[in-house]
Amino acid sequence: MSEPGLTLAVSRKVRGLEIDLTAARNPMITTLSKSLYTCGTLTCLKVKALVLDDIPEEYPICLASLRYLYLSVSSQVSAHMFIGKLTAGAPLLKKSIVRGDNVYNNQFLDYMARKKLIEELYTVLIRGKKYYAICV
44 MSEPGLTLAV
54 SRKVRGLEID
64 LTAARNPMIT
74 TLSKSLYTCG
84 TLTCLKVKAL
94 VLDDIPEEYP
104 ICLASLRYLY
114 LSVSSQVSAH
124 MFIGKLTAGA
134 PLLKKSIVRG
144 DNVYNNQFLD
154 YMARKKLIEE
164 LYTVLIRGKK
174 YYAICV
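The numbering of the sequence shown is the working numbering, which starts it at 44 and goes up by one.
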């Protein structure tokens with residue numbers, strides 16, 4: 044989805060959004076649109092990317108209605124920071140599923156457990172790929 048397309052979807056108060064960036068022209072590092080992080084009506088977000096960059100510091104995060112987050116990435120830049128920022132801006136988040144290699148590290152999981160942002164972490168291997176499901 045292009046930047047204008049994403050902005051239009053957000054302005055129309057979309058509740059569910061699926062973004063597939065695996066076929067992007069420059070798929071090396073992908074930063075998502077600023078407007079996405081302030082969509083107050085979004086309840087379900089699915090993102091597929093080869094490499095997903097961290098959320099820039101100047102981006103405000105207010106995903107007041109987000110309940111479900113699904114990320115499928117081949118590699119993650121600063122995973123604990125990215126997921127941590129999204130979680131902090133999504134107070135109603137119930138379930139987060141992330142697929143990819145080396146997406147979570149122990150530092151991130153320790154942080155999430157200390158903040159009581161996760162109740163359980165499930166690691167599931169399906170067809171040779173790791174999936175992580177966090178119940179918050």
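Each residue gets a CB set at the ideal place from its N, CA and C atoms; glycine is no exception.
- Collapsing the DSSP output to three states places K137 in coil.
- Taking C-beta atoms under 8 Å as the contact rule, L129 and L112 qualify, at a distance of about 7 Å.
- If you ignore the 5 residues before and after S78, its C-beta comes within less than 7 Å of the C-beta of L49, T50, V53, all in its own chain and listed in chain order.
- In this structure, L106 sits away from G127, with a CB-CB distance that is not shorter than 9 Å.
- By alpha-carbon distance to P99, the top candidate from S115, P47, Y80 is Y80.
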